[in-house]
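Okay, so here's the structure we're looking at.
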Amino acid sequence: MNLMVPKFDGRKLLPAGAAADVRHEKGLKQAMRHLVGSVSVVTAGVGESRTGATVTTAHSLAVDPETMVVSINLSSSTWPIIRRFGHYCVNLLAADQQAVADLFAGRGGVKGADRYLGADWTTLETGAGVLVGALASIDCEVEHIVERHSHALVFGAVKAVATAEGMDALVYSHGRYGRFAHPD
Numbered sequence: 001m002n003l004m005v006p007k008f009d010g011r012k013l014l015p016a017g018a019a020a021d022v023r024h025e026k027g028l029k030q031a032m033r034h035l036v037g038s039v040s041v042v043t044a045g046v047g048e049s050r051t052g053a054t055v056t057t058a059h060s061l062a063v064d065p066e067t068m069v070v071s072i073n074l075s076s077s078t079w080p081i082i083r084r085f086g087h088y089c090v091n092l093l094a095a096d097q098q099a100v101a102d103l104f105a106g107r108g109g110v111k112g113a114d115r116y117l118g119a120d121w122t123t124l125e126t127g128a129g130v131l132v133g134a135l136a137s138i139d140c141e142v143e144h145i146v147e148r149h150s151h152a153l154v155f156g157a158v159k160a161v162a163t164a165e166g167m168d169a170l171v172y173s174h175g176r177y178g179r180f181a182h183p184d
C-alpha cells in the first residue's frame, strides 16, 4: 500500500491573523499542557517501603485481559518500589482529594510512607495502597516493563478493582487542578 501524505505545516492550523509559534524545543511539553488529564495516585510497596506518585498517565490498555499501563519517571522514588514488589495500584482521585494529589506529587517535601498520613488506606489483592473514597482503585501485578528515555511504561494485569459513584473527578490542565462533573 502506498500512502501519499501531504507535507505538514503547523502554521496552517492557526486561525487567520494568529501568530505562529512553530518551535520544536519543549514544544511537546507546552502542547500537552492543553490536555485535560484525570489525576491518579499510583501506589506501591508495603509497610515502611510504601510510596507513590501523582500521575496523569494511567490508562486502561485492554479489557480482555484486563490490563493497565502507567508511565513512571525513572528518577521517581516510586520506580524502584514498583520493580521490587512487582505491583502497583492506580487510585483515580475524586475532586475533593487534591490534598492527596499534592502529597504524592512531593509538595511540602513529604516522602515515602509519610505520604499516606492524613488519608484512609486499605489494600486489595497485591498489597499496594488503595485510597478509601477514590473514584476507583485498580490493583495490578506487574506484567511487563518498557524503559524508554526518562520513563518506564509499566503494564499491569488487573487483579482487583474497587469503584465508587456520585463524585466528581479531579483533573489537571495548564498546571492547575480542576473538577469534572458528569451531567445528570
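In the UniProt record's numbering, the protein residues as written are 1 to 184. Yeah, the Cβ is synthetic: ideal placement off N, Cα and C, and Gly gets one too. Please read these numbers as outputs of a predicted model, since none were measured by experiment.
Quiz item: Is there contact between the segment 164-175 and the segment 118-128, where contact requires at least three CB pairs shorter than 8 Å?
Solution: The segment 164-175 makes no contact with the segment 118-128, as fewer than three CB pairs between them are under 8 Å.
Exercise. Reducing DSSP to helix, strand and coil, say where methionine 68 ends up.
Key: The residue labelled residue 68 in the question sits at position 68 within the sequence shown. Methionine 68: strand per DSSP, three-state reduction.
Quiz item: Taking the continuous alpha helix (DSSP H) assigned at threonine 78, which residues delimit it?
Solution: Residue mapping note: residue 78 aligns to position 78 of the sequence shown, counting from 1. Looking at the DSSP string, the run of the alpha helix (DSSP H) that includes threonine 78 is 78-85.
Exercise. For the beta strand (DSSP E) containing aspartate 139, list its first residue and its last residue.
Key: In the sequence shown, the residue the question calls residue 139 occupies position 139. For aspartate 139, the enclosing beta strand (DSSP E) starts and ends at 136-148.
Exercise. Would you give the residue range spanned by the alpha helix (DSSP H) that leucine 28 belongs to?
Key: Mapped onto the sequence shown, residue 28 falls at position 28. In the DSSP assignment, leucine 28 falls within the unbroken alpha helix (DSSP H) covering 27-32.
Quiz item: Going along the chain, which residues of its own chain have a beta-carbon closer than 6 Å to the beta-carbon of glutamate 66, five neighbours each way excluded?
Solution: Taking the first residue of the sequence shown as 1, we reach residue 66 at position 66. Apart from the 5 residues on each side of it in sequence, glutamate 66 sits with its Cβ closer than 6 Å to the Cβ of Val158 in its chain, given in chain order.
Quiz item: Rounded to whole angstroms, how far is the Cβ of leucine 93 from the Cβ of valine 39, which I believe are closer than 8 Å?
Solution: For the purposes of this step, residue 93 is taken as the residue at position 93 of the sequence shown. For the purposes of this step, residue 39 is taken as the residue at position 39 of the sequence shown. Contact between leucine 93 and valine 39 holds, since their C-beta atoms are separated by about 5 Å, short of 8 Å.
Quiz item: Cβ of glycine 118 within 7 Å of any heavy atom in the ligand HEM?
Solution: Absence of the ligand HEM from the depicted structure is noted, as is the absence of any ligand whatsoever, leaving it without description.
Self-check item: Close beta carbons around alanine 58, own chain, < 6 Å, minus the five adjacent residues each side
Solution: The residue given as residue 58 occupies position 58 in the sequence shown. Cβ neighbours of alanine 58 beyond the five flanking positions: Ser40, Val70 and Val90.
Exercise. Indicate whether leucine 135 and alanine 164 have their beta-carbon atoms separated by less than 8 Å.
Key: As a first step, residue 135 must be located in the sequence shown, where it is residue number 135. As a first step, residue 164 must be located in the sequence shown, where it is residue number 164. Closer than 8 Å, so yes.
Quiz item: Tell me which same chain residues have a C-beta within less than 6 Å of the C-beta of leucine 61, skipping the five on either side of it?
Solution: Along the sequence shown, one-based indexing puts residue 61 at 61. For leucine 61, where only same-chain residues beyond five positions count, the Cβ hits under 6 Å are Thr67 and Val69.
Quiz item: Nearest to valine 46 by CA position, among Ile82, Gly166 and Gly106, is which residue?
Solution: Mapped onto the sequence shown, residue 46 falls at position 46. Of Ile82, Gly166 and Gly106, the residue nearest in Cα terms is Ile82.
Quiz item: Span of the beta strand (DSSP E) holding alanine 44?
Solution: For this step, residue 44 is matched to residue 44 along the sequence shown. Element bounds for alanine 44: 40-44.
Self-check item: Identity of the residue in Cys140, Phe155 and Glu141 nearest glutamate 147 by Cα
Solution: Taking the first residue of the sequence shown as position 1, residue 147 is located at position 147. Nearest to glutamate 147 by alpha-carbon distance, out of Cys140, Phe155 and Glu141, is Phe155.
Quiz prompt | For glycine 27 and arginine 84, the rounded distance between their alpha carbons | solution = In the sequence shown, residue 84 corresponds to position 84, counting from 1. In the sequence shown, residue 27 corresponds to position 27, counting from 1. Near 35 Å, if we compare the C-alpha coordinates of glycine 27 and arginine 84.
Quiz prompt | Identified DSSP bridge partners for glutamate 60 | solution = For this step, residue 60 is matched to residue 60 along the sequence shown. In the sequence as displayed, the identity of residue 60 is serine instead of glutamate. DSSP lists Met68 as the bridge partner or partners of serine 60.
Quiz prompt | Per-residue burial, valine 130 [other beta carbons within 10 Å of its own, 16 or more giving buried] | solution = Numbered from its first residue, the sequence shown carries residue 130 at position 130. If you draw a 10 Å sphere on the C-beta of valine 130, you find 16 or more other C-beta atoms in it, and that means buried.
Quiz prompt | arginine 179 to serine 150 span [Cα, whole Å] | solution = Within the sequence shown, residue 179 is the residue found at index 179, counting from 1. Within the sequence shown, residue 150 is the residue found at index 150, counting from 1. Arginine 179 and serine 150: Cα-Cα distance of roughly 29 Å.
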